[in-house]
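Chains A and B, in that order, are what the protein sequence lines are. According to my numbering, the first sequence holds residues 6 to 217 in order. According to my numbering, the second sequence holds residues 11 to 248 in order. The block underneath contains the structure these notes are about, expressed in structure tokens.
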Amino acid sequence: MRTRRDEIIEALGEHVYITVVALIVGCVLAFMLALTARRWRRLELVILGGSTALYTIPSLAMFSLLLPVMFGLGVAALSTTTVIVGLVLYSLTILVRGILTGLDGVPPDVREAAVGMGYGGGKLLWRVELPLAMPTIFASLRVAAVSTIALTTIGLIVDHGGLGNLIDQGREANFKAEVLTATVLCVVLALVADLLILGVEKLATPWRRKAA
Amino acid sequence: MGGIGDGISWLFDGEHWQGPDGILTRLYEHLGLTIISVAIACAIGIPVGLWLGHIGKGGALAINISNVGRAIPVFALLALLALTPLGRSNAGTVLALVLFALPPILTNTYVGTREVDRDAVDAARGMGMSGMQLLRKVEVPLATPLLMNGVRLAAVQVVATASIAALVAGPGLGRIITNGFARQDQPQVVAGAILVALLALAVEGVMEAMQRRLDPMRRAGRVSVGRPPDVIEAVTGS
Numbered sequence: 006m007r008t009r010r011d012e013i014i015e016a017l018g019e020h021v022y023i024t025v026v027a028l029i030v031g032c033v034l035a036f037m038l039a040l041t042a043r044r045w046r047r048l049e050l051v052i053l054g055g056s057t058a059l060y061t062i063p064s065l066a067m068f069s070l071l072l073p074v075m076f077g078l079g080v081a082a083l084s085t086t087t088v089i090v091g092l093v094l095y096s097l098t099i100l101v102r103g104i105l106t107g108l109d110g111v112p113p114d115v116r117e118a119a120v121g122m123g124y125g126g127g128k129l130l131w132r133v134e135l136p137l138a139m140p141t142i143f144a145s146l147r148v149a150a151v152s153t154i155a156l157t158t159i160g161l162i163v164d165h166g167g168l169g170n171l172i173d174q175g176r177e178a179n180f181k182a183e184v185l186t187a188t189v190l191c192v193v194l195a196l197v198a199d200l201l202i203l204g205v206e207k208l209a210t211p212w213r214r215k216a217a
Numbered sequence: 011m012g013g014i015g016d017g018i019s020w021l022f023d024g025e026h027w028q029g030p031d032g033i034l035t036r037l038y039e040h041l042g043l044t045i046i047s048v049a050i051a052c053a054i055g056i057p058v059g060l061w062l063g064h065i066g067k068g069g070a071l072a073i074n075i076s077n078v079g080r081a082i083p084v085f086a087l088l089a090l091l092a093l094t095p096l097g098r099s100n101a102g103t104v105l106a107l108v109l110f111a112l113p114p115i116l117t118n119t120y121v122g123t124r125e126v127d128r129d130a131v132d133a134a135r136g137m138g139m140s141g142m143q144l145l146r147k148v149e150v151p152l153a154t155p156l157l158m159n160g161v162r163l164a165a166v167q168v169v170a171t172a173s174i175a176a177l178v179a180g181p182g183l184g185r186i187i188t189n190g191f192a193r194q195d196q197p198q199v200v201a202g203a204i205l206v207a208l209l210a211l212a213v214e215g216v217m218e219a220m221q222r223r224l225d226p227m228r229r230a231g232r233v234s235v236g237r238p239p240d241v242i243e244a245v246t247g248s
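Structure (structure tokens):
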């Protein structure tokens, strides 16, 4: 016999799983795309334009359009994978922009000084540019996390919307408390994710604390 | 199970365009909901944003309302409203759409008014303009690019949100998708998704053109303020 508690924990677990996987994959892909755009500036417009167009597509349509794509790839269409792929596509717009804005915001003097000190290529990126771009990148990650958590609910269209499933169940059964509980949990989850990323940012940029 | 091609051929079947469940009916519903909701949101958001920007207060509220709006799932709000007496009519859907259209309009109008060059405001005051004159002749024209950016974001957001209304048995193009799922008719699901996506892209295009037409600086042949910062851009879709 499944209790309500089990149901809530299961839905919450699925919600967190979908969000975390989507954000990690989104970050990795966004970094690759941002570095590609920086290397070949001509591709920048294509990458930014393409991801912005994707962002314009409403989520209900996005998940539905992914069904035949998933089927073509031989992946079960009514699965968490479909939801995660859709969410990754949305997060790319926010993250690629954030990473590019952050990296472009590194003062040219700093870059010149680093090159003069013998930094170059990957070392320049990892040791100088990325640390300075951190605040902007983390800001975009927070926006991406909060919107991903909210959007996950629409995954219920393919039966995997985490807390969205509970909301739908409660709505069909005219059970207001269930809808309200799931909604509050969604908002709390977004808040916790936001604070968590803020905490990681503080840990990842210790020099900013000393300066303050 | 069919692919994108089957969805496109579904669209070319004339029968699917007619009747109470037809594409045309759903399109009218969708556009009607969108226009009414964006109009109401503008009627509330623009005056409030202009006023807060003019007096220079309430900034935290105007900015944070966008962040709060982002955390509340559209579907959750629609489901909650559907369980109230209001939800059984279209008024519930319109209310939800207005609530999600307000943040981008309010935030962008506020920031647009606030970021009007202080020198221009001082000069206008020095010329003896009253508060209302200042607002009408200086702040509103200079805030228009950002203000229109907010309206564009709101319109695109509302088109997306209106499709989600179908998940709680509301009207609009989203119904073609949900009905398709209910009947396990995948070509219909894909066809509905194509329609919703095309409508969103079309609204984005039209609003962008309108934004350019209504930019007073551009009309005056001067260089415009350019695109607003990303923070304001990133008000989420749904």
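Virtual Cβ for every residue (Gly too), placed ideally from N, Cα, C.
Around the beta-carbon of Phe-22 (chain B), fewer than 16 other beta-carbon atoms lie within 10 Å, marking it exposed. Out of B:Ile-14, B:Ala-176 and B:Val-168, the CA that lies nearest to the CA of Leu-161 (chain A) is found in B:Ala-176. Pairing Val-33 (chain A) with Ile-104 (chain A), the inter-Cα distance amounts to about 11 Å. Inclusion of Ser-145 (chain A) and Arg-80 (chain B) in the CB contact set at 7 Å is not warranted, their separation being larger than that value. By the criterion of a C-beta distance shorter than 7 Å, Ala-210 (chain B) is surrounded in its chain by Val-166, Val-169 and Ala-170, once the five residues flanking it on both sides are discounted. Counting along the chain, Thr-154 (chain B) sits inside the alpha helix (DSSP H) bounded by residues 150-174. DSSP places Leu-105 (chain A) in the uninterrupted alpha helix (DSSP H) bounded by 85-109. Where Asp-199 (chain A) is concerned, the enclosing alpha helix (DSSP H) starts and stops at 181-209. Of the other Cβ atoms in all chains shown, 16 or more fall within 10 Å of the Cβ of Arg-102 (chain A); this residue is therefore buried. Taking 7 Å as the CB threshold, Ile-14 (chain B) lines the interface with chain A. When rounded, the separation of the alpha-carbon atoms in Val-121 (chain B) and Pro-140 (chain A) is 22 Å.
Pairwise C-beta distances place the segment 99-110 of chain B out of contact with the segment 136-156 of chain B, as fewer than three of them are shorter than 8 Å. Taking a contact as a CB-CB distance under 8 Å, the pair Ile-14 (chain B) and Pro-63 (chain A) does not count as one, their CB atoms being some 17 Å apart. With 16 or more other Cβ atoms inside 10 Å of its own Cβ, Leu-28 (chain A) counts as buried.
Listed along chain B, no residue sits closer than 9 Å to Pro-136 (chain A) by beta-carbon distance, the nearest being about 20 Å off. Among the CB atoms of chain A, none fall inside 7 Å of the CB of Gly-42 (chain B).
Considering only beta carbons, the part of the segment 43-67 of chain A lying closer than 8 Å to chain B consists of Ala-58, Tyr-60, Thr-61, Ile-62, Pro-63, Ser-64, Leu-65, Ala-66 and Met-67, in chain order. Beyond the five residues adjoining it in sequence on each side, Thr-86 (chain A) comes within less than 6 Å, by CB distance, of Val-80 in the same chain, given in chain order. Not a single C-beta of chain A is nearer than 7 Å to the C-beta of Phe-22 (chain B).
Residues of the segment 44-57 of chain B that bring their beta carbon within less than 7 Å of a beta carbon in chain A are absent altogether. In this structure, DSSP gives Asp-132 (chain B) a helical state, which the three-state scheme calls helix. Linking Ile-54 (chain B) to Ile-23 (chain A) through their CA atoms gives a straight-line distance of about 36 Å.
When DSSP states are grouped into helix, strand and coil, Pro-112 (chain A) belongs to the coil group.
Look at the segment 59-139 of chain B and you find these whole runs of alpha helix (DSSP H), each 4 residues long or longer: 69-81, 84-92, 100-124 and 128-136. Here Ala-82 (chain A) is actually not in contact with Val-30 (chain A); their C-beta atoms are around 18 Å apart, not less than 8 Å. Rounded to whole angstroms, Glu-149 (chain B) and Ala-118 (chain A) show a C-alpha spacing of 42 Å.
Leu-90 (chain B) sits away from Ala-51 (chain B), with the two beta carbons spaced by 7 Å or more. Under the DSSP assignment, Arg-7 (chain A) falls outside any alpha helix (DSSP H); it carries neither an H nor an E label.
Val-115 (chain A) and Leu-129 (chain A) do not touch by the CB rule: their CB atoms are close to 10 Å apart, not below 8 Å. Close CB contacts of Val-78 (chain B) within its chain, under the 6 Å cut and outside five residues either way in sequence, are absent.
By the Cβ criterion, the segment 148-162 of chain B is in contact with the segment 116-132 of chain B, since at least three pairs of Cβ atoms, one from each stretch, lie closer than 8 Å. Under the DSSP assignment, Phe-191 (chain B) falls in the alpha helix (DSSP H) whose first and last residues are 184-192. For Gln-196 (chain B), the neighbours in chain A by C-beta distance under 8 Å run, in chain order, Leu-72 and Pro-73.
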